[in-house]
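When we follow the working numbering, the leftmost residue of the sequence shown carries the number 126, and every step to the right adds one. Backbone N, C-alpha and C define an ideal beta-carbon position, used for all residues, glycine too. Take a look at the structure below.
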Amino acid sequence: MRKKRQAIALEYGSRDAPVVVAKGSGELAERILEEARRQGVYVAEDPQLLAMLSRLELDEEIPVECYAAVAVVLAWAFRLRGRVPA
Numbered sequence: 126m127r128k129k130r131q132a133i134a135l136e137y138g139s140r141d142a143p144v145v146v147a148k149g150s151g152e153l154a155e156r157i158l159e160e161a162r163r164q165g166v167y168v169a170e171d172p173q174l175l176a177m178l179s180r181l182e183l184d185e186e187i188p189v190e191c192y193a194a195v196a197v198v199l200a201w202a203f204r205l206r207g208r209v210p211a
């Protein structure tokens, strides 16, 4: 049996730390991923980070323990867009 797909969407810039703005599994995860791609948002797959972030509630800032992992993903996304992270 195939495991349900999960997705977490983060927003960064308006608060001190990235914030969970969407999360879901199954059909909702597919819709989150589809919307991200439609908006030109790069999608990273990191099962360990996903497991840590899936415990958070919507509008919750990521915990300090996730800063380094999320920073790597953000730097990757900036570089893909041809920008240098600040």
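C-beta atoms of residue i and residue j nearer than 9 Å
{"i": "residue 191", "j": "residue 178", "result": "yes"}
{"i": "residue 195", "j": "residue 158", "result": "no"}
{"i": "residue 137", "j": "residue 199", "result": "yes"}
{"i": "residue 168", "j": "residue 161", "result": "yes"}
{"i": "residue 154", "j": "residue 180", "result": "no"}
{"i": "residue 170", "j": "residue 140", "result": "no"}
Three-state secondary structure (DSSP) of residue i
{"i": "residue 182", "result": "coil"}
{"i": "residue 136", "result": "strand"}
{"i": "residue 195", "result": "helix"}
{"i": "residue 145", "result": "strand"}
{"i": "residue 157", "result": "helix"}
Identity of the residues DSSP links to residue i by a beta bridge
{"i": "residue 150", "result": "131"}
Environment of residue i [buried if 16+ CB atoms lie within 10 Å]
{"i": "residue 148", "result": "buried"}
{"i": "residue 172", "result": "exposed"}
{"i": "residue 188", "result": "exposed"}
{"i": "residue 145", "result": "buried"}
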